[in-house]
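First comes the structure, then the notes that go with it.
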Amino acid sequence: MCCNTFKFAVLISGKTMSYHFNEIEAKWQKYWADNQTFKAENNSHKPKYYVLDMFPYPSGAGLHVGHPLGYIASDIYARYKRHKGFNVLHPQGYDSFGLPAEQYAIQTGQHPAITTETNIKTYRRQLDQIGFSFDWSREVRTSNPDYYKWTQWIFIQLFESYYCNDANEARPISELTSVFEIEGNSSINAACDDDVVLFSSEDWKDFSTEEQQDILLKYRLTYLAETEVNWCPALGTVLANDEIVNGVSERGGHPVVRKKMTQWSMRISAYAERLLQGLDTIDWTDSLKESQRNWIGKSVGAAVTFNINDHDEVIEVFTTRPDTIFGVSFMTLAPEHELVTKITTEAQRGTVQAYVEATAKRSERDRMADVKTISGAFTGAYAEHPFTKEPIPIWIGDYVLAGYGTGAVMSVPCGDQRDYDFAKHFKIPIPNIFDGVDISEEAFADKDKTVIANSDFLTGMNYKKATKRVIYELERLGQGKGKTNYRLRDAVFSRQRYWGEPFPVYYVNSKPQMIDQQHLPIVLPEVEKYLPTEEGEPPLGRADVWAWCTESNSVVSNDKINHTTVFPLELNTMPGWAGSSWYFFRYMEEAAHRDDAFATEDALKYWENVDLYIGGSEHATGHLLYARFWVKFLKDRGFVGVDEPFKKLINQGMILGTSAFGYFVFYSIIDRATKNVILNKKPLFISKEDYNQTLTGNEELIIDVVKSYIDKNLLSKIEKEELHLMTPMSSTYIPVEYVNASDELDIEAFKNWRPEFKDAEFILEDGVYKVGREVEKMSKSKYNVVNPDAICDQYGADSLRLYEMFLGPLEQAKPWNTAGITGVHGFLKKLWKLYVDDNGIRVNDAEASKDNLKTLHKTIKKVEEDIENFSFNTSVSTFMIAVNELTQQKCTSTSILEPLLILISPYAPHIAEELWSCLGNNESISTASFPIFEAKHLVESSKNYPISFNGKMRFTLELPLDMSKDDIEKTVMAHEKTIAQLEGRTPKKIIVVPGKIVNIVG
RNA sequence: GCUGAAGUGGUGGAAUUGGUAGACACGUUGGACUUAAAAUCCAAUGUCCGUUUAGGACGUACGGGUUCAAGUCCCGUCUUCAGUACCA
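Here it is in structure tokens:
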């Protein structure tokens, strides 16, 4: 790129030398694209730095000003790191599989790929106009077959792996089969399904191929399992818990039932401990780590086995308080527990069955929400206490959840409030095993503050000792052992949707088979409708060409299925989190080298992992957990070199909208004489104050307000009862674009908005109607969405970027108010004027003054610290101060104004590039190095000391900094203002902190 | 309930180790320029008392405490937001 084109850009861009942001921004955006300024290299002598945004789902609504907040922050950081000499990877892409495109397809028949493509175009245009330094050559789209080929590939790797608890890592499944052949599974310590049985090598060899496949499936990291789901027959689909309200579907209000379905699951639970431990090695916020910790939900305790009287079966429970075992007075099973029907006595069968049926009707969410109601039923059966051998009644109760632990608890009412409440309700005894504790009102759950009593060999011990001892005793009896339990459950990986990754799976005799990875990708088939089939199969059940031919190794027509060479393919697709769990690795590879691997070894080795990741906190327990899981797996199997994907993570806060409201009343007037309607239902807009007052009961007020508005002549013709007010009064959203910075409404624009307000009238204050304001989430339905396109047109991308940062701390939620943007826009104009006046460039090689240098270096220091701390709002203030000071100082020296541009360039890159080239630089400012702070320019010789009396500052005094403590004290005490303050009193104490403050006490 | 974050002018927010509370902006008010508007520039702006000038009192959700000195540290209370929830 040659400089000459732009060197005299200012002179070309206008007659007026003023700041023409539209031209400047378009010009530099084109320059960056043409010159691939931000293309990252995989070979560089520079240190690497990888800055990533959570990639967007390209929705049809496009971007609003809230979306780019995180992107602007990461862009500033990326640009800053380039100035600091790093080879920066700052890519962007699209999470382009997802539900909205599919919903739209169902409604319109439009193929989701087309909708997605259109939306991506809009997104790209909107992103481009903000001037991000993305390396678009590395773009990814999760819905591209080139991309999801590797999502399918990772799925196959998971299928071909198991988790070895001894090695504490994933291993190839082939290792497992070798062991099975030699010695069976007795020595295997692996993550697996609960129902795995012991077998010998002879057994293994005797198993049929299918039996062997079934067993292996119980070990694989992705496996098929019967999962209970919320099935909605009317919609033909599975719903998530949040999609169900009061037992019916949120969409359409159709009934929902619990149904067992065979679905793919991910054995993420195998990684629970490592996911927990790994949190200590990464730089994330405490709140985020805490959510993941809670989600993983580790609890340490013991598994205890209780024998059941007159039955061979046993009940296994998990408890965190094995030390309270002598306080057990009953056992509670979840109503769904498999033993319930077996152990229930004839006498109790009716009651128990009724209870089980009643709970089955309630959704899991209802059960959890309704904590207060205590319910349950006695089975009639008794378990045997492992130590006292006394019989313990076995109850069922819905406060015990089938999905956690073993679905059964040993109930210790004196030590657990829920057990306590249950015991009280059903009049079960509550033995006290705590020394000197009153349990007449509630349970005592504090494990650290008491001594165990009435507990045989545990009596007199504290929690720690008793726990150790009881586990030892249980192990000796073979009735229990120490155990750690996790809340984290395996993740269901099947979705009954169209617009997702197809599985590389076909079925032989209902047993899943992986398609060889060399035949990937398995491309999503065409269907004529995107709905489930009439038989309740997923949308892929509608595809005609959706069978796998093992001879041609290709997808063929369904009518060729013969179950010998051609087999049916999997009909489910993968969930949204599949593609987003590894995309950060894909960016590492240049587009030209992406065919042979998801990323080559060299690329993975060079970029390692993401240094800085910015995105919303809503992904705390979804995407961020699954991505960590897949990365750990890929690391175990040697495909990547890192254990954690995101070293540092920042959650940007939400930008809220400032909704505008109008308040109005309808009134009608009837003529007294003729009874004719003079006016019918006319909307009259009143002030917010009058509206609020009327709402709080002052109804007379509104009649006066309306009367005061009506024409005097008209008013004389009517009486009170002929003025009809429609009550209650209403308020309406007003689109924010009709309101100016001072909350004044553009009445004409508003009247044209909705027919019902076409002839509305307004009670004006000082000639204007002022709207009410309220801060809410930004959304179309609240008419408070602010579009970045409009801001860029009116103020420019640099103003938008600066303003988004200036609004407040990055991580905090904050309201958007377009009015405030004039502040940063004015700043950019001032900045421009510092470089350009009516005669052109005013910058010269004048020597910098002391003040100039002080301002510059103060700014360098502050801005550098701010960027490192992600405190972008304060650096915008710092720029404003710097420009104000330099303007006042009438600074013209290149040695000051050139470095200043580099400081500002990460924030406002377009204006910085423009002025940079105007100063005669040939290369993009992004190649310039960050100015180096020199402390010597900030050295002061004196300090304006605040002089306080009893901690209250009364006046300030300029004193040399090298003055001694004693001299400061003497000078201050001799000062006339000090004498005046003291009014003759003698101070008790004088505190002098050199360089800081003087405080006189007394 | 639990976990985490927060509470400062009319508004967004600043105050890095305890050391001049309210930086920087918005808004508001007044003024300059203009036929007028926009734009631009200048001044004032926490509240209250006082005023010709001074000056003073109060003030960082609330109540205590530590300290020469607290927005900042400690104890208690309230409120808001986010996440999570019968986890044995």
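Going left to right, the first sequence walks through residues 28 to 1029 as the working numbering numbers them. Glycine residues also receive a C-beta, built at the ideal position from the N, C-alpha and C atoms.
Pick helix, strand or coil for residue i, following the three-state DSSP scheme.
{"i": "glycine 850", "result": "helix"}
{"i": "valine 582", "result": "strand"}
{"i": "alanine 36", "result": "Because alanine 36 sits at a pLDDT of 42, beneath the cut-off of 50, its placement in the model cannot be relied upon, and the following sentence gives the value as read from the coordinates. Of the three classes helix, strand and coil, the one that applies to alanine 36 here is helix, per DSSP."}
{"i": "leucine 558", "result": "coil"}
{"i": "aspartate 865", "result": "coil"}
{"i": "cysteine 259", "result": "strand"}
{"i": "cysteine 945", "result": "helix"}
{"i": "proline 842", "result": "strand"}
{"i": "lysine 675", "result": "strand"}
{"i": "isoleucine 200", "result": "helix"}
{"i": "methionine 907", "result": "helix"}
{"i": "asparagine 879", "result": "helix"}
{"i": "alanine 357", "result": "Sequence check: residue 357 is phenylalanine here, not alanine. Here phenylalanine 357 sits in strand by DSSP."}
{"i": "threonine 312", "result": "coil"}
{"i": "lysine 42", "result": "Note that lysine 42 has pLDDT 43, beneath the 50 cutoff, so the model's placement of it is unreliable and the number below is only indicative. In this structure, lysine 42 counts as coil in the three-state DSSP scheme."}
Where do the ends of the beta strand (DSSP E) carrying residue i lie?
{"i": "arginine 981", "result": "979-987"}
{"i": "arginine 348", "result": "No beta strand (DSSP E) holds arginine 348; DSSP gives it neither H nor E."}
{"i": "tyrosine 640", "result": "637-642"}
{"i": "cysteine 576", "result": "574-576"}
{"i": "phenylalanine 405", "result": "404-411"}
{"i": "tyrosine 499", "result": "Note, tyrosine 499: premise wrong, no beta strand (DSSP E); alpha helix (DSSP H) at 490-504."}
{"i": "glutamate 801", "result": "799-804"}
{"i": "asparagine 1026", "result": "1024-1028"}
{"i": "leucine 706", "result": "704-713"}
{"i": "asparagine 589", "result": "Element bounds for asparagine 589: n/a, residue is neither H nor E."}
{"i": "alanine 330", "result": "325-335"}
Label residue i either buried or exposed according to how many other C-beta atoms from any shown protein chain fall within 10 Å of its C-beta, with 16 as the threshold for buried.
{"i": "alanine 787", "result": "buried"}
{"i": "glycine 328", "result": "buried"}
{"i": "tyrosine 499", "result": "exposed"}
{"i": "glutamate 553", "result": "exposed"}
{"i": "asparagine 1026", "result": "buried"}
{"i": "arginine 168", "result": "buried"}
{"i": "glutamine 839", "result": "exposed"}
{"i": "glycine 978", "result": "exposed"}
{"i": "valine 966", "result": "exposed"}
{"i": "threonine 914", "result": "exposed"}
{"i": "methionine 980", "result": "exposed"}
Within the same chain, show all residues whose beta-carbon is closer than 7 Å to that of residue i, passing over the 5 residues directly before and after it, in chain order.
{"i": "threonine 332", "result": "Val341, Glu343, Gln506 and Gly507"}
{"i": "threonine 648", "result": "Ser318, Gln319 and Trp322"}
{"i": "alanine 909", "result": "Thr882, Thr886 and Leu927"}
{"i": "valine 355", "result": "His412, Ile419, Met437, Ser438 and Val439"}
{"i": "arginine 664", "result": "Gln184, Ser188 and Ala197"}
{"i": "arginine 1012", "result": "Gly1029"}
Using a Cβ-Cβ cut-off of 8 Å (strictly less than) and excluding sequence neighbours within five positions of residue i, which residues of its own chain qualify?
{"i": "isoleucine 848", "result": "Ile818, Tyr822, Ser826, Leu827 and Tyr830"}
{"i": "serine 86", "result": "Pro127 and Asn146"}
{"i": "tyrosine 150", "result": "Pro83, Pro85, Gly89, Leu90 and Tyr121"}
In chain order, what residues of the same chain lie with their CB nearer than 6 Å to the CB of residue i, ignoring the 5 residues before and after it?
{"i": "alanine 605", "result": "Thr178 and Glu528"}
{"i": "tyrosine 131", "result": "Thr142"}
{"i": "serine 920", "result": "Ala873 and Ala875"}
Mind checking which residues open and close the alpha helix (DSSP H) that includes residue i?
{"i": "methionine 832", "result": "824-833"}
{"i": "proline 95", "result": "95-110"}
{"i": "glutamine 134", "result": "126-135"}
Next on the checklist: Pairs of beta-carbons, one from the region 789-796 and one from the region 711-718, closer than 8 Å: are there three or more?
Outcome noted: yes
Next on the checklist: For the structure I just gave you, are there three or more beta carbon pairs, one from the region 282-293 and one from the region 302-311, closer than 8 Å?
Outcome noted: The region 282-293 vs the region 302-311: no contact.
Next on the checklist: For the pair the region 559-575 and the region 619-638, tell me if three or more CB-CB distances fall below 8 Å.
Outcome noted: no
Checklist entry - Are at least three pairs of beta-carbons, each pair with one atom in the region 248-255 and one in the region 222-238, less than 8 Å apart? => result no
Item to check | the region 460-477 in contact with the region 416-435 per 3-pair CB rule at 8 Å | outcome: no
Next on the checklist: Three Cβ pairs or more, each shorter than 8 Å: is that satisfied between the region 228-248 and the region 208-218?
Outcome noted: yes
Checklist entry - When the Cβ atoms of the region 510-522 are set against those of the region 296-303, are three or more pairs found closer than 8 Å? => result yes
Checklist entry - When the Cβ atoms of the region 799-817 are set against those of the region 635-648, are three or more pairs found closer than 8 Å? => result no
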